[in-house]
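Start counting the sequence shown at 2; every next residue gets the next number (our numbering). Even glycine gets a Cβ: it sits at the ideal position worked out from N, Cα and C. Here the structure is a predicted model, which is why all the values come from computation and not from measurement. Down below is the structure, laid out as structure tokens.
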Amino acid sequence: EEKMEADARSIYVGNVDYGATAEELEAHFHGCGSVNRVTILCDKYSGHPKGFAYIEFSDKESVRTSMALDESLFRGRQIKVIPKRTNRPGISSTDRGFPRGRFRGRGGAHAGRARFFTGYSRPRGRGYRWAGTRRAPPTALLL
């Protein structure tokens, strides 16, 4: 409930330069309204930025105002700005205006997501050696 309300005050920013900081993004969008939070998403295995971010404003009007910055230049790259999709299980992102709409479900539109699901069977990162398991019980790692 509270998360959906926060999502209604948030935007998705795509094609973000990998070296960008939350402070730089906040500065780019400060003219749109008061920014509550900037989240730059990183790959959970490598820790590298994925090239997109979410920005939560203090009011919904700021989301509409920020649409003016769609296709604006940020760190020399043309960014994509769209309202954040509320994550509801089973709803496809294809009808929500997301780029590369063929990726569906949680997290939506990021192309790198396709690699993500193959990552569970790799022993990198947290050392899980069995496919299809997201979280191993801590005791299983000690055996």
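Give a yes or no on whether the C-beta atoms belonging to residue i and residue j are separated by under 8 Å.
i, j, result
"F58", "R10", "yes"
"K81", "N16", "yes"
What residue range does the alpha helix (DSSP H) around residue i cover?
i, result
"S67", "61 to 67"
"L26", "23 to 30"
"E57", "That residue, E57, is in no alpha helix (DSSP H); its beta strand (DSSP E) goes 50 to 58."
Report buried or exposed for residue i, applying the criterion of at least 16 other Cβ atoms within 10 angstroms of its Cβ.
i, result
"Y19", "exposed"
"S63", "buried"
"C33", "buried"
"A21", "buried"
"E3", "exposed"
"H49", "exposed"
"K45", "exposed"
Which residues in the same chain have their Cβ closer than 6 Å to the Cβ of residue i, if we skip the five residues on either side of it in sequence?
i, result
"A7", "E57"
"F75", "H29"
Could you name the residues of the same chain whose beta carbon sits closer than 7 Å to that of residue i, not counting the 5 residues immediately before and after it, in chain order?
i, result
"V39", "A23, L26, E27, A54, I56"
"K85", "D8, S11, I12, Y13, Y55"
"S67", "I12, F30, C33, V82"
"R78", "N16, D18"
Could you give the first and the last residue of the continuous beta strand (DSSP E) run that contains residue i?
i, result
"K81", "81 to 84"
"G15", "11 to 15"
Excluding five sequence neighbours on each side, which residues of the same chain lie with their C-beta closer than 8 Å to the C-beta of residue i?
i, result
"S35", "F58, S59, D60, S63"
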